[in-house]
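Numbering (our numbering), first residue to last: 35 to 213.
The C-beta atom is built at its ideal place from N, Cα and C for all residues, glycine as well.
Accompanying notes for the structure given below.
Encoded structure:
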């Protein structure tokens, strides 16, 4: 059976920006917006500043200590973790997709911490393959209510940080069957 894949990964640039923001603002959290003012941008907040609902889904815990292709060797301190949440209805639409947190030049949302930094977070995605979908179907997502009850994510075995977004979600037209 295929190992359960991560529902969220991040590029090295996104992790670098998150580490800078943690120095400025303390522990962080992210919420994948479902639309409205900033479209579907991932929003970064100081930990606890965005209220997680009972039906929100935890996509993953970004370990800010990790570099490209590293796996953790020790448990992180709480301040080293940036949880990534998504609303329940938004998760229903994205559940077949691995979210890849990236960063691009530009102005972020006025509500998101990266706004004054000259960059904005961007969600990229890769559709899970059939084997990954089977592995994911065998696990229940952790909701806000489940988190409050003490539910936690299973340990993942694939690296969390990729050098570039294309390393996690290949771009059509740049090799492969789309060339």
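Specify the secondary structure class of residue 139 as computed by DSSP and reduced to three states.
Working through the chain shown from its first residue, we reach residue 139 at position 105. Residue state, collapsed to three classes: strand.
Given a cut-off of 9 Å on the beta-carbon distance, is the pair residue 221 and residue 137 in contact?
Nothing about residue 221 can be read from this structure; the chain reaches only from 35 to 213.
Where residue 130 falls, given that 16 or more other Cβ within 10 Å makes a residue buried
Here residue 130 refers to the residue found at position 96 of the chain shown. With fewer than 16 Cβ atoms within 10 Å of its Cβ, residue 130 is classed as exposed.
State buried or exposed for residue 86, treating a residue as buried only when at least 16 other CB atoms are found within 10 Å of its CB.
Translated into positions along the chain shown, residue 86 becomes position 52. Classification of residue 86: buried, given that the 10 Å Cβ count is 16 or more.
Answer yes if the segment 91 to 110 comes into contact with the segment 193 to 204, meaning at least three C-beta pairs across the two stretches below 8 Å, and no otherwise.
yes
Compare the C-alpha of residue 176 against each of 157, 120 and 110 and name the closest.
Position 142 of the chain shown, counting from 1, holds the residue named residue 176. Of the listed residues, the one whose Cα sits closest to residue 176 is 120.
Tell me the DSSP secondary structure of residue 39 in three-state form.
Counted from its first residue, the chain shown places residue 39 at position 5. Here residue 39 sits in coil by DSSP.
Expressed to the nearest angstrom, what Euclidean distance is found between the alpha-carbon atoms of residue 65 and residue 37?
Numbered from its first residue, the chain shown carries residue 65 at position 31. Numbered from its first residue, the chain shown carries residue 37 at position 3. So the two alpha carbons sit approximately 25 Å from each other.
Under 9 Å between the Cβ atoms of residue 155 and residue 170?
Looking up residue 155 in the chain shown gives position 121. Looking up residue 170 in the chain shown gives position 136. No, these two residues do not count as a Cβ contact at 9 Å.
With a threshold of 8 Å on Cβ separation, who are the neighbours of residue 57 within its own chain once the five nearest residues in sequence on each side are excluded?
For the purposes of this step, residue 57 is taken as residue 23 along the chain shown, with counting starting at 1. Closer than 8 Å at the Cβ level, and outside the excluded window around residue 57, lies no residue.
According to DSSP, simplified to helix, strand and coil, what is residue 175?
The sequence position of residue 175 within the chain shown is 141, counting from 1. Three-state result, residue 175: coil.
Does the separation of the CB atoms of residue 62 and residue 151 fall below 9 Å?
Counting from 1 along the chain shown, the entry for residue 62 is found at position 28. Counting from 1 along the chain shown, the entry for residue 151 is found at position 117. No. Outside cutoff.
Beta-bridge pairing of residue 159 - partner residues as DSSP gives them
On the chain shown, position 125 is the one that residue 159 refers to. Residue 159 pairs with 133.
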